[in-house]
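First comes the structure, then the notes that go with it.
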Amino acid sequence: MSDAIHHTVQRIYREHSRQVLATLIRLLKDFDLAEEALQEAFACALKQWPDEGVPHNPTAWLVSTGRFKAIDQLRKHRREVDLVSEDTAVCQAPDPDTLHLEDDRLRLIFTCCHPSLSHEAAIALTLREVCDLSTEAIASAFLTKASTTAQRIVRAKRKIQSAGIPYEVPGKQALPERLQGVLKIVYLIFNEGYYASGGDSLQRVHLTDEAIRLGRLLTRLLPQSEVYGLLALMLLQHSRQDTRSKPNGDIILLEDQDRTRWHHDAIAEATALLPRALVGPATGSYALQAAIAALHAEAPTAADTDWQEIWGLYQALYLRTPTPVVALNQAVAQAMAGDIDTAISHIEQLANGDLASYFPAHAAWADLLRRSGRHHQAHERYHYALSLTRLAAERRYLQMRIEQYEKNIGSAVD
Amino acid sequence: MKYLCLVYSDEQDLHGLPNSPQDQECAAYAEKISQSGHLLAGEALQPVATATTVRVRAGDLQITDGPFAETKEQLAGFYMIEAKDLNEALRIAQDIPPARVGSIEVRPIRQLNT
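Quick mapping for you: the protein sequence lines, in order, are chains A and B. Each residue of the first sequence is one higher than the last, beginning at 5 in the working numbering. Each residue of the second sequence is one higher than the last, beginning at 137 in the working numbering.
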């Protein structure tokens, strides 16, 4: 019996502890106090539920128990006078029907991702408060010291308090911009896991999972097209997680990947989301990137890829986010769609301009020169690209191309 | 809460760009947020060349010409505002006309422990 209750409490912790925390933060207006109250509430549940049974609405029970525990705590510290006079809401028992649990989760996310916090602080705070990762787990995922991460979280909470960052979902006018900020933090978490630049790779995979979980939560709380777009994009990138590099870290290009090993359930989930991502007058940049990734995912072989369509989507993406990197991708798609000479001159311009020190621009330029049969020029360009990167996997790829050329030079490829 | 919105700008840009704010526009905005009850005090400052810095070290008074630090952007004015929270303060700050050519630093006011 008590074992069964124990499991029930554990399950409720897993499924609802973040919800309870989010509501406690609203009621108590203090992150640390709310975290303590949450722990106390679950400790009470373990003590009382075996005798009294699991309450009808466990979440509401936990919120109200946590709140009482916090008030007790405050009374002990003789702070109740300020609290009662400042805010009677803290001391009035919350009505379970008006708990607004889902709204509170969204409030917590918008507060943790507030633009007045640095990206590092927002990422750490989101992973700690929304995803319930321990400070140690966050630190090891980002290859920082636990004390540094802890300090970052403490400072962020202090700023929320002293700068008056409100616990609210922004109003209609500010929402689109603020939502972009939230999505950016989620995508940064994903990328940190996806493009792991070092460390234990198993640790990093964790971050992509957390980001996808956050994306799913957001689609439930705030079902807007860009939210679907980001989730679809992350799922599609994640679906290639196992095939993008060899065990030694060597890069495997998209065209050479074993497509049977892509995660087809993730691809199916993403493509089902796409129609909701692509609605609306102005398709967002995450949705466009997801649509591009979906075309790759749906092609049975690399040769079947619909490059014409991908090129069109990159043009739309460039209209939305006119960055040199998008221009580079657009040019590569144009080349793959058949117009290789125009593409090479675009890339040449970029690689001599805004992207002069950006290794992928020179590598792409070299690849296109190779594809168009200009092997000698390609060889020179691979050498130049090599001078721009220190990452071992990137260097090995370029060296492989250089050696290929040098091996073939005897058989007169040029 | 009270916030101080500090207006920083390159002094050339403050008046020299096509979309640099005119005095009338700044006065009108101050009037607007005064009417809505947000503005507690606000002034524009003379150029940084008029600044004098005062320090007292070990009881000695030191008076020097110029601002406390030479920076690319200079303090050009301030708005002391009352706002519900940071989000409201940021909404008020984003419409301060020199935000177009410079930057507005929004700082919460600290109550002295007396």
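Just so you know, even glycine gets a beta-carbon here, dropped at the ideal spot from N, CA and C.
Contact list for residue i against chain B, beta-carbon separation under 9 Å
i, result
"residue 120 of chain A", "222, 226 and 242"
Whole-angstrom distance between residue j and residue i, CA atom to CA atom
i, j, result
"residue 28 of chain A", "residue 198 of chain B", "52 Å"
"residue 420 of chain A", "residue 23 of chain A", "Here chain A has residues from 5 to 418 only, and residue 420 of chain A is not among them."
"residue 44 of chain A", "residue 291 of chain A", "42 Å"
"residue 252 of chain A", "residue 199 of chain A", "15 Å"
"residue 138 of chain B", "residue 170 of chain B", "14 Å"
"residue 357 of chain A", "residue 318 of chain A", "20 Å"
"residue 195 of chain A", "residue 240 of chain A", "13 Å"
"residue 189 of chain A", "residue 135 of chain A", "13 Å"
"residue 46 of chain A", "residue 32 of chain A", "17 Å"
"residue 397 of chain A", "residue 255 of chain A", "6 Å"
"residue 207 of chain B", "residue 263 of chain A", "56 Å"
"residue 54 of chain A", "residue 10 of chain A", "8 Å"
"residue 232 of chain B", "residue 137 of chain A", "40 Å"
"residue 224 of chain A", "residue 235 of chain A", "11 Å"
"residue 78 of chain A", "residue 49 of chain A", "21 Å"
"residue 353 of chain A", "residue 359 of chain A", "9 Å"
"residue 210 of chain B", "residue 148 of chain B", "10 Å"
"residue 281 of chain A", "residue 233 of chain A", "5 Å"
"residue 154 of chain B", "residue 166 of chain B", "21 Å"
"residue 377 of chain A", "residue 362 of chain A", "24 Å"
"residue 216 of chain A", "residue 191 of chain B", "55 Å"
"residue 152 of chain B", "residue 185 of chain B", "17 Å"
Residue environment, residue i, which counts as buried when at least 16 other CB atoms sit within 10 Å
i, result
"residue 214 of chain A", "buried"
"residue 73 of chain A", "buried"
"residue 259 of chain A", "exposed"
"residue 107 of chain B", "Residue 107 of chain B is absent from the structure shown; chain B starts at 137 and stops at 250."
"residue 413 of chain A", "exposed"
"residue 203 of chain A", "With a pLDDT of 47 at residue 203 of chain A, under the threshold of 50, the modelled position of that residue is not reliable, and the figure given next carries that caveat. By the 10 Å Cβ count, residue 203 of chain A comes out exposed."
"residue 169 of chain A", "buried"
"residue 202 of chain B", "exposed"
"residue 139 of chain A", "buried"
"residue 14 of chain A", "exposed"
"residue 30 of chain A", "buried"
"residue 61 of chain A", "exposed"
"residue 89 of chain A", "Residue placement at residue 89 of chain A is poorly supported in this model, since its pLDDT is 45, which falls under 50; the coordinates still yield a value, given next. By the neighbour-count rule (16 or more Cβ atoms within 10 Å), residue 89 of chain A is not buried but exposed."
"residue 242 of chain B", "buried"
"residue 234 of chain B", "buried"
"residue 71 of chain A", "buried"
"residue 346 of chain A", "exposed"
Beta-carbon separation (whole angstroms), residue i vs residue j, contact threshold 8 Å
i, j, result
"residue 392 of chain A", "residue 350 of chain A", "Contact flag wrong, Cβ pair sits at about 19 Å."
"residue 174 of chain A", "residue 249 of chain B", "Wrong, their Cβ atoms sit about 33 Å apart, outside the cutoff."
"residue 58 of chain A", "residue 12 of chain A", "6 Å"
"residue 277 of chain A", "residue 228 of chain A", "Rounded, the Cβ-Cβ distance is 12 Å, inconsistent with contact."
"residue 370 of chain A", "residue 385 of chain A", "4 Å"
"residue 2 of chain A", "residue 187 of chain A", "There is simply no residue 2 of chain A to check, as chain A begins at 5 and stops at 418 in what is shown."
"residue 217 of chain B", "residue 141 of chain B", "6 Å"
Contacts of residue i in chain A (Cβ-Cβ under 8 Å)
i, result
"residue 137 of chain B", "168"
Contacts of residue i in chain B (Cβ-Cβ under 7 Å)
i, result
"residue 174 of chain A", "223"
task = Please go through the region 206 to 257 of chain A and give each complete alpha helix (DSSP H) segment of 4 or more residues, from N-terminal end onward.
result = Taking 4 residues as the minimum length, the alpha helix (DSSP H) runs contained wholly in the region 206 to 257 of chain A are 229 to 242, in order along the chain.
key: Within the region 12 to 93 of chain A, ranges of the alpha helix (DSSP H) (whole runs, at least 4 residues)   = The qualifying runs are 35 to 56, 62 to 80 and 84 to 90.
Sequence ranges, beta strand (DSSP E) only - wholly within the region 188 to 226 of chain B, length at least 3 = 188 to 193, 196 to 201 and 210 to 218, all fully within the region 188 to 226 of chain B.
query = Considering only residues of the region 329 to 357 of chain A, which uninterrupted alpha helix (DSSP H) runs meet the minimum length of 4 residues and lie entirely inside it, listed in chain order?
reply = Counting whole runs of 4 or more residues, the region 329 to 357 of chain A contains the alpha helix (DSSP H) stretches 344 to 356.
Segments of 4+ residues assigned as alpha helix (DSSP H) that fall wholly inside the region 127 to 208 of chain A = Counting whole runs of 4 or more residues, the region 127 to 208 of chain A contains the alpha helix (DSSP H) stretches 139 to 145, 150 to 166 and 179 to 198.
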